[in-house]
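Okay, so here's the structure we're looking at.
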Amino acid sequence: LFYFDYGTQIEANEGGLILGDFNATSYRISGGYGFQIKDWMFGARLNIYNHNFVDDFDIDMNYGFDLGAYKEFGNTSLGIVLKDVGGETDFLDQSLNLPMSIGIGVGHSFGNFTLASDVKVFEEYNSIGVGGEYSLGIASLKLGYYTESDFDVDYITLGGGIDAGIVDISLAYYYNTDSF
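With our numbering applied, the sequence shown corresponds to residues -1 to 178, in that order.
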């Protein structure tokens, strides 16, 4: 379950006249299944999305499937995922497909330190993320960098986490002076 509250937004008409404000939210409910064949792990997930952006407009629920594979080669790991294969959403007078992507991630462990990279290829743009995590046993420290150069989006992340076995709690802070 994923829930995101965009907070209170200012509502304006096409001419820029302020009409008031509104609250916007999104959620995703997911269920998945994974299995292993020899040294490879495979998984699939069904995602159901719902967005509530503006009170006067209905946005239909949408769905998408994710398919992935993962394998470890000693201290190096490789993951490949095809995300959001699926439905289209009706919004205003348009039908929009989910932004399907292909992602490739590679990680390598050096003792207690792990270095990882992630590349996502969308139809119209790409994103790249790199990061590191230092394990302190039950706790960890994390640092990363993310960019979508086509949209001038880039930021640094800093965080930490506590892994208590069945529960992993992480907190991150991102820093970007130019966007968001």
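From the three backbone atoms N, C-alpha and C, an ideal C-beta is built for every residue, glycine too. Note that this is a predicted model, so its numbers are computed, not measured.
Quiz item: In three-state terms, what does DSSP make of Asp148?
Solution: Working through the sequence shown from its first residue, we reach residue 148 at position 150. DSSP, reduced to helix, strand and coil, places Asp148 within a helical segment of the structure shown.
Quiz item: Is it a yes or a no for the region 97 to 107 touching the region 67 to 79, going by three-plus beta-carbon pairs under 8 Å?
Solution: Output reads yes: the region 67 to 79 touches the region 97 to 107.
Quiz item: Ends of the beta strand (DSSP E) at Ile136?
Solution: As a first step, residue 136 is located in the sequence shown; it is residue number 138 there, counting from the start. Looking at the DSSP string, Ile136 is not in any beta strand (DSSP E), and its letter there is neither H nor E.
Quiz prompt | Between the CA atoms of Asp161 and Ile136 - distance to the nearest angstrom | solution = Stepping through the sequence shown from its first residue, residue 136 is reached at position 138. Stepping through the sequence shown from its first residue, residue 161 is reached at position 163. Whole-angstrom Cα-Cα distance: 5 Å.
Quiz item: Alpha carbon to alpha carbon, how far is Leu65 from Ile126?
Solution: For this step, residue 65 is matched to residue 67 along the sequence shown. For this step, residue 126 is matched to residue 128 along the sequence shown. Cα to Cα, the separation comes out at about 20 Å.
Self-check item: Paired residues, beta bridge with Ala206 - DSSP
Solution: The structure shown does not extend to residue 206, since the chain is modelled only from -1 through 178, so no value can be given for it.
Quiz item: Name the DSSP beta bridge partners of Lys69, please?
Solution: Your numbering for residue 69 matches position 71 in the sequence shown. DSSP output for Lys69 lists Trp38 and Leu76 as bridge partner(s).
Quiz item: By a C-beta neighbour count over all protein chains shown, 10 Å radius and 16 as the cutoff for buried, is Lys36 buried or exposed?
Solution: Numbered from 1 along the sequence shown, position 38 holds the residue referred to as residue 36. Here Lys36 is exposed, its C-beta having fewer than 16 other C-beta atoms within 10 Å.
Exercise. Would you check if there are 3 or more beta carbon pairs closer than 8 Å linking the region 110 to 129 to the region 137 to 145?
Key: Taking 8 Å as the limit for Cβ pairs, the verdict is that the region 137 to 145 does touch the region 110 to 129.
Quiz item: Who are the near neighbours of Gly30 in its chain, counting only those whose CB is closer than 8 Å to its CB and skipping five residues on each side?
Solution: As a first step, residue 30 must be located in the sequence shown, where it is residue number 32. So the qualifying residues of the chain are Gly41, Ala42, Arg43, Leu44 and Asp64.
Practice problem: Sort out for me which residues DSSP pairs Glu12 with in a bridge. | Solution: The count along the sequence shown starts at 1 and reaches residue 12 at position 14. Paired residues: none, contrary to the question.
Quiz prompt | In DSSP terms, what Asp161 is bridged to | solution = Translated into positions along the sequence shown, residue 161 becomes position 163. According to DSSP, Asp161 bridges with Asp166.
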